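Here's the structure, in structure tokens; my notes come after.
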Amino acid sequence: MNSNMLDVIVRIHDPRRLDELKRCVFSIACQSYRPITINICCQRFSGADLEAVSAQVATVLVGNHDIALKFHNFGAVYPADARSALLNMGVKAAQGRHLAFLDYDDVIFPNAYAQLIEDLNASGAAISFGRINVKHVMVQDDYQIVLRRERPFKGENVVHLFKGNFCPIHSFVIDRGKVDPADIYFDQSLTRNEDYDFLLRFCSSYVASFNMRETVMGDYYCKSDGSNTILVQASFNEENVAAWKLAEDLVELRREILYVSPAVQRALGIAEIDPKLTIKRLIATEA
Amino acid sequence: MDFTGERFVPGANGNIDLEHMHRYMHAARVVRGKSVLDIASGEGYGSAILARSAARVIGVDISAEAVAHAAQFYKADNLEYFVGSCAEIPLGDSSVDVVVSFETLEHHDQHEEMFLEIRRILKPGGVLIISSPDKDNYTIKPARTNEYHVKELFSNEFKALVAKHFKQYKFLTQKVIFGSVIASEGACAATTGIMKSAGSYRESEGLYEPLYWLAVASDNPLPRIESSVLEQHIDESEVVMEWRALMTRRELRISQLDESLAQLTRDSEARAKDLADSFASQIADRDAHIAWLQSTLVREVSSISARLRTSRSRGATRRFSKIVRASGLFDREYYLRTNEDVRNSGLDPLEHFIKSGASELRNPNAFFDYSYYLLNNSDVRMSGAESLEHYINCGWREGRQPSAHFDVEWYLSTYADVRRAGIEPLRHYLATGINEGRIPKSGANSITVASLSDGDKQRQRKSLFVDSPSRCSVAIGVVTYNNPKAELRRCLTSARTALSHPSGYVVRSELLLIDHGEATDTSLASACGATQIRGRGNIGFGAAHNELMRKAFADGFDYYIAVNPDGAFHPSAIDALLQMAQANGDKTIVEALQFPEEHPKVYDPVTFDTPWASGACMLITRAVYEAVAGFDERFFMYCDDVDISWRARAAGMTVKTCPRALFFHPVSDRPFSESTHKSFLASGIALARKWGGAEFESGLLKEAKRFGLQVEDATVERSVPPSPGIADFGHLFSFAPTRW
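As you go down the protein sequences, you meet chains A and B in turn.
Heads up: the first sequence is residues 1 to 287, going by my numbering.
Heads up: the second sequence is residues 288 to 1027, going by my numbering.
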């Protein structure tokens, strides 16, 4: 494991979203933290698409000799929606000590990784969270118009996180040197809430730092064309609503079966450690 | 071994257990100290019981499985098991004292052979203890059959068989009964009492723990006293009768509960049906009422429309025309889009609306709905007043909603600046609110912006792209001030990459570098292909760029792009800037979007017009340079980009934001710096004096005084003619409305 390296896992499912991917990689190119390896995980790109995309993305990194670019293509037939499988593929390829995730259509601010890694080193936590803006955008052909900016994700600590997800997937960095590698995985049966499912599992086992919660680390682009996974007006159909309901039910099941580790309980100031304390009970007692 | 019915297995409780165990326990008293054969030993339990008192027990069974099981589970030094049949017993002649054979005879038909074998192996004077079911009482009277029984014997047949082979014999009978037993007590008792409790057996002389005692007494020899049994069918026993009574009560209770449940189910179904019927009836009534209201509305609207058409005087029309023109509420594009006949006629849409459209209740924009306004304002409807005129004159002040899509009260309460300005809210929304990302009512999306018409999309394209970009030359100017090498290298390298992106139409390009502070390492400049222009020290942002611009345009470059040295180009940025400049006739300043945090000031989502362009990365065309002569060098730093933008607009040029061009510009919270703040204030004051922002200037002077900052008297005086709609001092240092 390279102790300085930061691996950023970028997942993308559609080669036509190249402009957004380039914007995403541009934001990584502007990072103050180095060295970085960008692992771009593609969902079933053809050989020609892979070649075209990699050539275009490489132009964004010209002159950035301490940023490596790697492409990984998920070719299996199953699962059809491979969003979780893409993340797992990236995690498997990662070799650096620190790990971050960034979706192709989101952006990370220039000092984000440096600040989060510094906090990981200072706090001893296994995962450090910052805040994410939401930019509501109108999607055009190869650009977007930002209509307004919000800061809706509100939360202060891990108990708030257990109650509801306020941490988008690019709001945190993980220190892999402090965790069991087997614990960094995404449930491949989930096509929604796969990141929150991961955070519930991870943060119930390992201590999280929210010291950087007031510092904005990046943007989440909420698009008017419904291409976000979240429910926006353009994606509000019966099928999506039913799928979200199922995802929420599965999250609730996680809360009922996951135990909060003694380390996390100690970090929360719980005096009498209960090895059978579930997330659900913790939330109830902290309410 | 599992109980199949073929042979008894301990644990198969009930009568069969009593019968089998009793026999062996009874026989155990006879075999004490003797050698015993247990023929058809089965599971082996019986042989084991006999072995507790016998000297030696041999169990023989025809089933190898049974023998193996018995040998495994019943182990004793004096106990053995062998495989063998009743007709061929694997023992030598005269080898045992006792033969025990329980419930064996009926399982085969070789009775004679069996008895002969028994006689053979019994020692002289040996004893046979044998049992057999009474065919009459076991099978015939109860009308049942046991599939494992091959040949059952009647009592006389059994007795005859025994008597045939033995000189001495005594017969006993057995059955499981419920009843009263009177038996002798003590050593003379002819009865042994055995109590089975919790799987164990306890024996006693006479009955085990009898409840009653009887005595027969006399001074003479007592008569023969026999034991007796008074039997009763078990169904008539107290226990069974109590259980039967309990069952009866329980069944009655269950029946009552079933009936209650059925009744409740019927009641709830009836209730649900009643409710459904009631709701259906209410809905039908409601639908009928709505239909009546709609037809009434249609009649009234038609009537009003007819009245308006006939009754509006010329004066009223003139007044209405004036009001509508001044209101800002007429949307030409919307009107043409929603009124095909007007579109096809070629008539001026506003004229049409004033002369006839309004009285035909055609809506003037997407957020004012005549039908809605009339439906919800009966006084307006009844008075025959013109709805739009009413709304403009007083309706909005009274909080009346122009349509279901716009909430006047919410808009004014949410956007305090609009409320303070006293502007009619719908006018504000249509004019600027939409572009600022404001929403028309709680929970709405920016629906108007998000759903551009086809015409809007075409205009967007025309403002961003040219089909065939003209060949051109570009100079990029960088003004440094002690920038770290890595930062400068990033900027210059990104510029080179971005210059190579336009596909062939940039025929000449140059990177121009001028140092405000320390001189840039020439090797770095050279490695990045930049031309260093000798600096004159820290002369100010605008002055330094003017030096570069003068040279660039003198050298024949078509475009000049001013960039900050701490930033970096996205590879497509320069191509996007150039295309936009050419698409707008090269009479424009075009700014790149600062990335990742763009400036929140507004820009038109169709034309991309913006109040001013940021100097972090701005393209200036030759035409603009010639019109405005570059930056005003009286601004040392800050506000010079605002000033040049306003001057360009005042000269009839445009200023645009190019959302396709991204320029990385790190904007972070810096600690307060007195010198930076002073520069801001000084530049702001200069801008205000130049453009007539007296109130803004006054505010800044107070700010300067509050901080104890000495701001030199500005050298800038009012020098720009009044430029309504250009200079904007209403939004502090944003100098423009902002989206957030």
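Just so it is clear, CB atoms sit at the ideal spot from N, CA and C, and this is done for glycine as well.
Here the structure is a predicted model, which is why all the values come from computation and not from measurement.
Does chain A have any CB closer than 9 Å to the CB of residue i?
i, result
"B/Val-736", "Because the pLDDT of B/Val-736 is 43, which lies under 50, any placement of that residue in the model is unreliable, and the question is left without a value."
"B/Thr-604", "no"
"B/Phe-640", "no"
"B/Thr-780", "yes"
"B/Gln-747", "yes"
"B/Phe-828", "no"
"B/Ala-855", "yes"
"B/Pro-1008", "no"
"B/Phe-882", "yes"
"B/Thr-701", "no"
Residue i CB to nearest chain B CB: under 9 Å?
i, result
"A/Asp-105", "no"
"A/Arg-23", "yes"
"A/Ser-54", "no"
"A/Asn-111", "yes"
"A/Met-304", "The structure shown does not extend to residue 304 of chain A, since chain A is modelled only from 1 through 287, so no value can be given for it."
"A/Val-10", "no"
"A/Val-173", "no"
"A/Thr-191", "no"
"A/Thr-37", "no"
"A/Glu-51", "no"
"A/Asp-119", "no"
"A/Ala-68", "no"
What did DSSP end up calling residue i once you bin it into helix, strand or coil?
i, result
"B/Ser-733", "Any answer about B/Ser-733 is weak, because its pLDDT of 47 lies below 50 and its placement is not dependable; what the coordinates show is given next. B/Ser-733 falls in the coil class under three-state DSSP."
"B/Arg-536", "helix"
"B/Tyr-890", "coil"
"A/Gln-233", "With a pLDDT of 44 at A/Gln-233, under the threshold of 50, the modelled position of this residue cannot be trusted; read the value that follows with caution. Helix, per DSSP."
"B/Asp-1029", "Residue numbering for chain B in the displayed model covers 288 to 1027; residue 1029 of chain B lies beyond these limits and cannot be assessed."
"B/Tyr-332", "helix"
"B/Arg-553", "helix"
"B/Gly-742", "helix"
"A/Val-8", "strand"
Cutting at 8 Å between CB atoms, please list the residues of its own chain near residue i, excluding the five before and the five after it.
i, result
"B/Thr-818", "Glu-797, Leu-798, Leu-799, Leu-800 and Ala-812"
"B/Tyr-716", "Phe-654, Phe-693, Tyr-698, Arg-725 and Pro-727"
"B/Thr-432", "Thr-426"
DSSP puts residue i in a beta bridge; with which residues?
i, result
"A/Lys-223", "A/Val-137"
"B/Leu-799", "B/Gly-764 and B/Thr-818"
"A/Asn-73", "A/Cys-42"
"B/Asp-348", "B/Val-370"
"B/Val-383", "B/Leu-409"
"B/Asn-652", "B/Phe-655"
"A/Arg-149", "A/Lys-135"
"B/Glu-878", "B/Met-905 and B/Thr-944"
"B/Gly-493", "B/Thr-479"
Report, in whole angstroms, the separation of the C-beta atoms of residue i and residue j, which I expect to be a contact under 8 Å.
i, j, result
"A/Ala-255", "A/Leu-200", "Residue identity differs from the one stated: residue 255 of chain A is Arg in this sequence, not Ala. Rounded, the Cβ-Cβ distance is 7 Å, consistent with contact."
"B/Lys-233", "B/Ala-341", "Residue 233 of chain B cannot be examined here, being either before or after the span of chain B that is shown, 288 to 1027."
"B/Val-387", "B/Ile-416", "5 Å"
"A/Met-212", "A/Ser-128", "6 Å"
"A/Ile-28", "A/Ile-108", "6 Å"
"B/Val-318", "B/Leu-337", "5 Å"
"B/Met-924", "B/Phe-828", "5 Å"
"B/Ser-674", "B/Val-667", "6 Å"
"B/Gly-333", "B/Phe-389", "7 Å"
Which same chain residues end up closer than 6 Å to residue i when comparing Cβ atoms and leaving out the 5 residues on each side of it in sequence?
i, result
"A/Pro-262", "Ile-273"
"B/Phe-369", "Val-347 and Pro-377"
"B/Glu-711", "Trp-683"
"B/Glu-367", "Ile-345"
"B/Ala-910", "Asp-873 and Lys-874"
"A/Pro-168", "Ile-132 and Tyr-220"
Can you give me the Cβ contacts of residue i inside the same chain, cut-off strictly under 7 Å, excluding the 5 residues immediately before and after it?
i, result
"A/Val-179", "Ala-126 and Tyr-206"
"A/Asn-157", "Phe-210"
"B/Lys-664", "The sequence shown places Asn at residue 664 of chain B, rather than the Lys named in the question. Answer for B/Asn-664: Arg-687, listed in chain order."
Any heavy atom of the ligand MN closer than 8 Å to the CB of residue i?
i, result
"B/Leu-501", "The ligand MN is not part of the structure shown, which contains no ligands of any sort."
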